[in-house]
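There are 2 protein chains.
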Amino acid sequence: MPSQNNVIPITLTSLKAACSQCNLRELCLPYGLSEAEIAQLDHLVAGRRKVKRGHHLYRAGEAFEAIYAIKMGFFKTDILLEDGRDQVTGFQMAGEILGMDGIGTDFHTCNSIALEDSEICIIPFAQLEQLSREVQTLQRHFHQVMSREIVRDHGVMMLLGTMRAEERLAAFLLNLSQRFTARGYSPQEFHLRMTREEIGSYLGLKLETVSRAFSRFQEDGLISVHQKHVRILDGSGLKRLLNHQSAL
Amino acid sequence: MPSQNNVIPITLTSLKAACSQCNLRELCLPYGLSEAEIAQLDHLVAGRRKVKRGHHLYRAGEAFEAIYAIKMGFFKTDILLEDGRDQVTGFQMAGEILGMDGIGTDFHTCNSIALEDSEICIIPFAQLEQLSREVQTLQRHFHQVMSREIVRDHGVMMLLGTMRAEERLAAFLLNLSQRFTARGYSPQEFHLRMTREEIGSYLGLKLETVSRAFSRFQEDGLISVHQKHVRILDGSGLKRLLNHQSAL
DNA sequence: GGTCGTTATTGACCCAGATCAAACGGCTTG
DNA sequence: CAAGCCGTTTGATCTGGGTCAATAACGACC
Chain A
1 MPSQNNVIPI TLTSLKAACS QCNLRELCLP YGLSEAEIAQ LDHLVAGRRK VKRGHHLYRA
61 GEAFEAIYAI KMGFFKTDIL LEDGRDQVTG FQMAGEILGM DGIGTDFHTC NSIALEDSEI
121 CIIPFAQLEQ LSREVQTLQR HFHQVMSREI VRDHGVMMLL GTMRAEERLA AFLLNLSQRF
181 TARGYSPQEF HLRMTREEIG SYLGLKLETV SRAFSRFQED GLISVHQKHV RILDGSGLKR
241 LLNHQSAL
Chain B
249 MPSQNNVIPI TLTSLKAACS QCNLRELCLP YGLSEAEIAQ LDHLVAGRRK VKRGHHLYRA
309 GEAFEAIYAI KMGFFKTDIL LEDGRDQVTG FQMAGEILGM DGIGTDFHTC NSIALEDSEI
369 CIIPFAQLEQ LSREVQTLQR HFHQVMSREI VRDHGVMMLL GTMRAEERLA AFLLNLSQRF
429 TARGYSPQEF HLRMTREEIG SYLGLKLETV SRAFSRFQED GLISVHQKHV RILDGSGLKR
489 LLNHQSAL
């Protein structure tokens, strides 16, 4: 793992293929826009940037200037308290938008770190606002993206506030599975990009508890796990775990 | 406590005093707008509505059409799972905006319930979007409001994911105190509008744990509590509790 | 291909907070 | 003013997940 204090390597690649050529159109910001409108979005994207595994896309405290669409790769966001405690606030994959935490304060309020070699599209925020004043569907969709982020966060609050360890992990796996599916990957089989510790941080558990829950799921025939490789054997079993358990 | 299944009493009062006359200007949507721009906002507000204690402003599943600014009163939002578990996702007070959870899905994803007799301003969302296409400062500010909601949610995730019971309650009290202060009320002394159970739900704790933490704080001379009346005696003591404890 | 640091698994023990239970205090209602 | 009902406090006990510790399995780098 490279030091996270290195200078961040920035690569601005030529923009031959922006949104209109991108196969993530349907998941990303262009969703629901007409061809003509997407063509306008092309001009918005100020560039691309590769972020190597372990490197930051941005850090808490840095000036906010743009939001980022993930072209490929996998990220986590986390918050670090002065006393050293930290919390992973989310994992993001291709087509998802990063950086909206900075809009309200003009600086970023969390860290965004690549969990594998990744590439993102830079969307300068001032220009996004300008274009979304002109293109109603873009405005609408951007608002939807922000709102869904709020709803997602509420889901995490629900998870952290009311679920037991195994329910949390089941919810986590099902969520990943569903998002991989939306991207054309197998719903049953995938590679976890994050460590047990990062999963634990996200789920409000210790890494040992995550590991034990994985082992338990395997014993019960719900999944098979080998390190970061997961195969879901009984998805409805996982769902059952979610809905019924500990209903009081 | 009235039944929450009653018909919601809606009262559309005449709009003699909208944003331009409202003393919450500086906390609410008009913040940062010029006099002229605020005058435009006046037309946006489609009406007011009184919501009696215990009644819903909106329910999960209802069509989303407007966001709401709290003119006076106090609300909670919560999510209810099929199995009966629920989670309070937030408490909102005068000047704060409710309903942004519905933007992404066109229906509300949580319940909003008045904790005291309250009054809200109805802001039809389609019109807000239209006006914010014309008024850049409004657009900017609305985006900031949404982004801050995301950041607030991250704070709650941090709280739920990493803090122990007493830290959570200390953070909660300090947050309330700070928000009351911003509204011109005493930072030291206030009335809790919510029950111990609702506090517990928000903080991921059982009501007994909340009650014990209150008693503990009182023993330690940090606060004095009598039922819902709270006086903060040692604010910096509460802050110390937050920053130092259990740093590993 | 061996070494070393990181990540994952598993076991033993412990504790913060949940659960169960009882009593009390303040509102509301008749 | 009495009766009831919540909401709150406090005590006793239990337990899920944290903590500590040892070992194993990778994978990156010489």
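Chains as they are written, first to last, in our numbering: chain A, 1 to 248; chain B, 249 to 496.
Every residue gets a Cβ at the ideal spot worked out from N, C-alpha and C, and that includes glycine.
Note that the structure is a prediction, hence the values are computed from the model and not measured.
- Separation of B/S463 and B/L407 (C-alpha to C-alpha, rounded to the nearest whole angstrom) is 21 Å.
- When Cβ-Cβ separations below 9 Å define contact, B/E377 makes contact with chain A.
- For B/Q375, the enclosing alpha helix (DSSP H) starts and ends at F373 to E382.
- For B/M341, the three-state secondary structure derived from DSSP is strand.
- Shown here, A/E219 sits in a helix according to DSSP, grouped into three states.
- From the listed residues A/I120, A/L207, A/D101 and A/T89, the smallest Cα separation to A/A46 is found for A/I120.
- Distance from the CA of B/V383 to the CA of A/I113, rounded to the nearest whole angstrom, comes to 35 Å.
- As the crow flies, the alpha-carbon of A/L192 is around 48 Å from that of B/Q436.
- For the pair B/F339 and B/A461, the Cα-to-Cα distance works out to about 20 Å.
- When C-alpha distances from A/G104 are compared across A/A66, A/T137 and A/M72, the shortest belongs to A/A66.
- Distance between B/K454 and A/G161, taken at the CA atoms: about 10 Å.
- Secondary structure note for B/I447: its alpha helix (DSSP H) is the uninterrupted segment R444 to L451.
- Using a C-beta cut-off of 8 Å, the stretch 418-427 of chain B makes no contact with the stretch 307-322 of chain B, since fewer than three inter-stretch Cβ pairs fall below that distance.
- For B/T429, the enclosing alpha helix (DSSP H) starts and ends at A413 to A430.
- For the stretch 391-402 of chain B, the set of positions with a beta-carbon nearer than 8 Å to some beta-carbon of chain A reads H391, Q392, V393, M394, S395, R396, E397, I398, V399, D401 and H402 in chain order.
- Considering only A/H56, A/L80, A/H226 and A/G237, the residue with the shortest C-alpha distance to A/G99 is A/H56.
- Contact check between the stretch 21-35 of chain A and the stretch 138-145 of chain A: three or more CB pairs, one atom from each, fall below 8 Å, which counts as touching.
- According to the DSSP assignment, B/A284 belongs to the alpha helix (DSSP H) that extends over E283 to L292.
- Excluding sequence positions up to five before and after A/C19, its CB lies within less than 6 Å of the CB of P30, I38, L41 and D42, all in the same chain and listed in chain order.
- Membership of B/G350 in any beta strand (DSSP E) is not indicated, and neither H nor E is assigned to it by DSSP.
- Nearest to A/Q127 by C-alpha distance, out of A/V230, A/S34, A/L44 and A/K228, is A/L44.
- No Cβ of chain B is located within less than 9 Å of the beta carbon of A/N23.
- The beta carbon of A/Q218 is closer than 7 Å to those of S224 and V225 in its chain, skipping five residues each way along the sequence.
- At least 9 Å separates the beta-carbon of A/M157 from that of A/V88.
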